[in-house]
Amino acid sequence: MRLYRRRLKRIFISILKAMTAIIILLTPIALYLSKFNNGLSINNQDWGAFGSYVGGIYAPLAAIISVFILVKTLHSMDSHNKAMQAHLNRDKELGNIKWLTDLLRSMLDKKYETGHNTFYSSLKSRLEHKLRHNYNPDSAIIKNEAMELMDANKELFINESIIFNDLFYRVTHIDDTNDGAISSMILIAKLSPEERFWLMQYAKAHEHRAAKDLRFWNSFEDLPASFSSLLKS
94 MRLYRRRLKR IFISILKAMT AIIILLTPIA LYLSKFNNGL SINNQDWGAF GSYVGGIYAP
154 LAAIISVFIL VKTLHSMDSH NKAMQAHLNR DKELGNIKWL TDLLRSMLDK KYETGHNTFY
214 SSLKSRLEHK LRHNYNPDSA IIKNEAMELM DANKELFINE SIIFNDLFYR VTHIDDTNDG
274 AISSMILIAK LSPEERFWLM QYAKAHEHRA AKDLRFWNSF EDLPASFSSL LKS
């Protein structure tokens, strides 16, 4: 039914355009007949007078139509330019997010002198030590203890915090849903679960803007699979 209505609408618009064109074409003849009150003349002077008469009527109309077409063309060009600029801005922002993520990745890699697994295994061991008197910790307790551990070790990610504060702000303030999803996937692909977890606890411990920016991204600080042994059964 909807398709049928659209087809009828297109047919109606086509008929309306055709009728308008016919009226415009026949109007000069009608004007001629009404002006000279007789049939088509073979007198050049009559046609000259008629041309001046019609020109006086159609010249302003033609000027108005020309201005309308010009304005419409400029508006179309402006809309196209704005769309192109918005597309370029989105590409630039995604490029900045990728660049910042790579920079953070590089800074973290330099920190792991003994290797990624050894570095985070050490942090996990220190966390286990803090939990030694709690035999049934849940995820909230583990996160709280991890945050306290980060609070006591401000120097641990102090340089990286400059980068991830700006990075996380950009990721969480993208208006376009698709671009936001892409930037989130970039972070997930570049940062391990351990890195995301500990960076988030560090941000919360030191009240960084990143903690506020990521508060609605609940899965960002999910407990890594390597923490399964810490959870209560």
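Here my numbering is used: the first residue of the sequence shown is 94, the next is one more, and so on. We treat Cβ as the ideally placed atom computed from N, Cα and C, and that holds for glycine.
- Residues Pro230, Ile234, Ile235, Glu238 and Leu323 of the same chain have their beta carbon placed closer than 8 Å to that of Leu224, with the five preceding and five following residues left out of the count.
- Leaving aside the five residues that flank Ser319 on each side, none in its chain has a CB nearer than 6 Å to its CB.
- In the DSSP assignment, His209 falls within the alpha helix (DSSP H) that extends over His209 to Lys223.
- When Cβ pairs closer than 8 Å are counted between the two stretches, the segment 238-252 is seen to touch the segment 294-307, the count reaching three or more.
- Look at Leu307 here: in three-state DSSP terms it is coil, with no helix or strand label.
- Taking every protein chain shown into account, the CB of Gln294 has 16 or more other CB atoms within 10 angstroms, so this residue is buried.
- Distances from the alpha-carbon of Asp268 to those of Ala179, Thr194, Asn174 and Arg100 put Ala179 closest.
- Between Arg183 and Asp306 a beta carbon distance of about 19 Å is seen, past the 8 Å cut, so the two are scored as non-contacting.
- About 6 Å separates the CB atoms of Leu260 and Leu197; that is less than 8 Å, so the two are in contact.
- Note on Val264: 16 or more other CB atoms within 10 angstroms of its CB, so buried under the neighbour-count rule.
- A residue is called buried once 16 or more other Cβ atoms fall within 10 Å of its Cβ, and Trp291 is buried on that count.
- Linking Ser159 to Ile108 through their CA atoms gives a straight-line distance of about 23 Å.
- Secondary structure note for Lys297: its alpha helix (DSSP H) is the uninterrupted segment Pro286 to Ala298.
- Under the DSSP assignment, Tyr262 falls in the alpha helix (DSSP H) whose first and last residues are Ile251 to Thr265.
- Bounds of the alpha helix (DSSP H) holding Glu238 are Ser232 to Asp244.
- By a beta-carbon distance limit of 8 Å, Glu253 contacts Leu201. Their separation comes to about 6 Å.
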